[in-house]
Structures are given as C-alpha cells and as structure tokens.
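Enquirer: Mapped onto UniProt numbering, the consecutive letters of the sequence shown carry residue numbers 1 to 156. Note that beta-carbon positions come from the ideal geometry of N, C-alpha and C, so glycine has one too.
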Amino acid sequence: MYKYSHTNEDNSISLHDSRAAKISFDSGVLTFIFKDGFYVAERNVNNFHKKLCYTGRSEVGFKTLSKDIDQDLTVYIFTATDSEKRAIRDEISYAEFAQMLDSGMELEFLYAYKGYRSFVYECWLWFDKEPYHKECVLMISADEVSYKWNELFVEE
Numbered sequence: 001m002y003k004y005s006h007t008n009e010d011n012s013i014s015l016h017d018s019r020a021a022k023i024s025f026d027s028g029v030l031t032f033i034f035k036d037g038f039y040v041a042e043r044n045v046n047n048f049h050k051k052l053c054y055t056g057r058s059e060v061g062f063k064t065l066s067k068d069i070d071q072d073l074t075v076y077i078f079t080a081t082d083s084e085k086r087a088i089r090d091e092i093s094y095a096e097f098a099q100m101l102d103s104g105m106e107l108e109f110l111y112a113y114k115g116y117r118s119f120v121y122e123c124w125l126w127f128d129k130e131p132y133h134k135e136c137v138l139m140i141s142a143d144e145v146s147y148k149w150n151e152l153f154v155e156e
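1. Excluding five sequence neighbours on each side, which residues of the same chain lie with their C-beta closer than 8 Å to the C-beta of residue 126?
2. May I ask which residues mark the beginning and end of the beta strand (DSSP E) holding residue 87?
3. Around the Cβ of residue 59, are there at least 16 other Cβ atoms within 10 angstroms (buried) or fewer (exposed)?
4. Between which two residues does the beta strand (DSSP E) harbouring residue 26 extend?
5. If distances are taken between C-alpha atoms only, which option among 57, 80 and 95 comes closest to residue 70?
6. Starting from residue 70, trace the beta strand (DSSP E) both ways and give me its first and last residue.
7. Whose C-alpha, out of 136, 122, 12 and 31, is nearest the C-alpha of residue 80?
8. Can you name the residues that DSSP bridges to residue 113?
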C-alpha cells in the first residue's frame, strides 16, 4: 500500500528518465514498478518540499479499457535498420514483454504523449549485453492512470 496517489491531471509528474523494473497486469490494471521512482514537480499537491523531487520505490497503474491486455497494450521494439536506413520494428506480446523485464531488463521512459483514452511512450529497453539498449514504443489504451509512492526526495 502506498501513502500517496495522484492522477497527474495537472501534469506535475514525469516518467522522463525513470526506469521500470517490473510490469504486471491484474483485474484490468497494467502496473509498472519503479525501484528508483519518478519525478514529482514542486507544484504537485503532495509535494510538501515545493522543489523538484523524485520518489523512492513507486508504481504507475493504468486502468485499461478491457480485461484483455493484448488488446490494450501494444509494444514495438526497434530491432534494426535496413539498407535504406528505415527502422524495422517487431511487435511483441505482453507476456514476452513481462518476461524481458522479469529477466533483468529495464524500461526507461523518455517521451510521453497523451490522447483520448490513450497513452504513447517512447522508451529504451536496457539490458546487459551489446548494444545495451533498444528503442521501443508502448501504446496503452486506458481510461485513467494512477501514480503511487510513499516518500519524496529533493533532487540535488
């Protein structure tokens, strides 16, 4: 159980440069677990420091539109470029993606785009061998998102 929860309607939370280490799907909620947290701006109502902070261990949960995660989550991993420098991407299932994170890979969030009942994230998938990371895109169909954490640390 977490002490704080925020929907981020005020855009005061950022996943930029944050790394998810685990992912789960249960009862229509897609959850990303962050060992080292995410950023909370000074304007967030739960930020009593009134300075840019980061959370400790935390999670972000997306209430998906259906109970079928493969319908509400699309994951593309960019695997190569062809001779004309066009990107080649592979779509993977939720099960494959969860296995990658369970095996020690981390998902770093870079850029976020929000639309009507949709969230798109440009990310890097980090791993322990060359080339050490690959670009990926997540597309999530969800009604709402909830950011949860217990404590804030001032960014120095």
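Expert: Based on what the coordinates show:
1. Along the sequence shown, read from residue 1 onward, the residue named residue 126 stands at position 126. Cβ within range, chain order: 19, 105, 106, 107, 108, 132 and 133.
2. Along the sequence shown, read from residue 1 onward, the residue named residue 87 stands at position 87. 87-92 is the span of the beta strand (DSSP E), which, as asked, contains residue 87.
3. To locate residue 59, count along the sequence shown from 1; it is residue 59. Residue 59 is buried by the Cβ-count criterion.
4. Counting from one through the sequence shown, the residue named residue 26 turns up at place 26. Membership of residue 26 in the beta strand (DSSP E) is indicated by the continuous run 19-26.
5. On the sequence shown, position 70 is the one that residue 70 refers to. The shortest C-alpha separation from residue 70 is found at 95.
6. As a working mapping, residue 70 is identified with position 70 in the sequence shown. Note, residue 70: premise wrong, no beta strand (DSSP E); alpha helix (DSSP H) at 69-72.
7. Along the sequence shown, read from residue 1 onward, the residue named residue 80 stands at position 80. Looking at the Cα atoms, 136 is the closest of the given residues.
8. Within the sequence shown, residue 113 is the residue found at index 113, counting from 1. 120, per the DSSP bridge assignment.
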